[in-house]
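Report on the structure given below.
Residue numbers (my numbering): 488 to 624.
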């Protein structure tokens, strides 16, 4: 994930952080066991490392980590310029959105047989599973 001029990636049970565009990396403890993390995203000015069952850890700089709110859904996140955060989570087959990163609304639910987590990204619309669904304004 990239934000605030910092690259952060998950490396085994640590966060690897680069402040120089990826030339050098330092490891920092994020407190999430390797088998427990689900996705790493940059939203709300923070890096979010989410667990399989929701919750997880967050960091402003990739070095110091604290708990995310328990109600944070698992999966990956993207944020639009207007602040809307969109989440897609494997095994739940739905898309959620939030304006504050604390309360979440399901805006799309796919049948379990028709969905699998791929990724979520933002450009002019949010795209998930190869389908496009506009959320927000």
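Note that CB positions come from ideal geometry on N, CA and C, so glycine has one too. Because the structure is a prediction, the values reported are computed rather than measured.
Three-way DSSP call (helix, strand, coil) for residue i in this model
i	result
residue 582	strand
residue 572	strand
residue 505	strand
residue 550	coil
residue 493	strand
residue 593	strand
residue 519	coil
Limits of the unbroken beta strand (DSSP E) element including residue i
i	result
residue 515	513-516
residue 500	No beta strand (DSSP E) holds residue 500; DSSP gives it neither H nor E.
residue 546	543-546
According to DSSP, residues forming a beta bridge with residue i
i	result
residue 524	538
residue 587	Its beta-bridge partners do not exist; DSSP assigns none.
residue 488	In DSSP, residue 488 forms no bridge with anything.
residue 559	None, per the DSSP bridge assignment.
Cβ distance (whole Å) where residue i is taken to contact residue j below 8 Å
i	j	result
residue 552	residue 544	4 Å
residue 540	residue 561	6 Å
residue 524	residue 497	6 Å
residue 558	residue 591	7 Å
Same chain, Cβ closer than 6 Å to residue i, five either side skipped, listed in chain order
i	result
residue 502	495, 515, 517 and 549
residue 547	533
residue 510	none
residue 585	572 and 591
residue 505	494 and 512
Neighbourhood of residue i by C-beta distance below 7 Å, restricted to the same chain and skipping five residues each side
i	result
residue 611	Unreliable placement is indicated for residue 611, whose pLDDT of 45 sits below 50; no coordinate value is reported for it.
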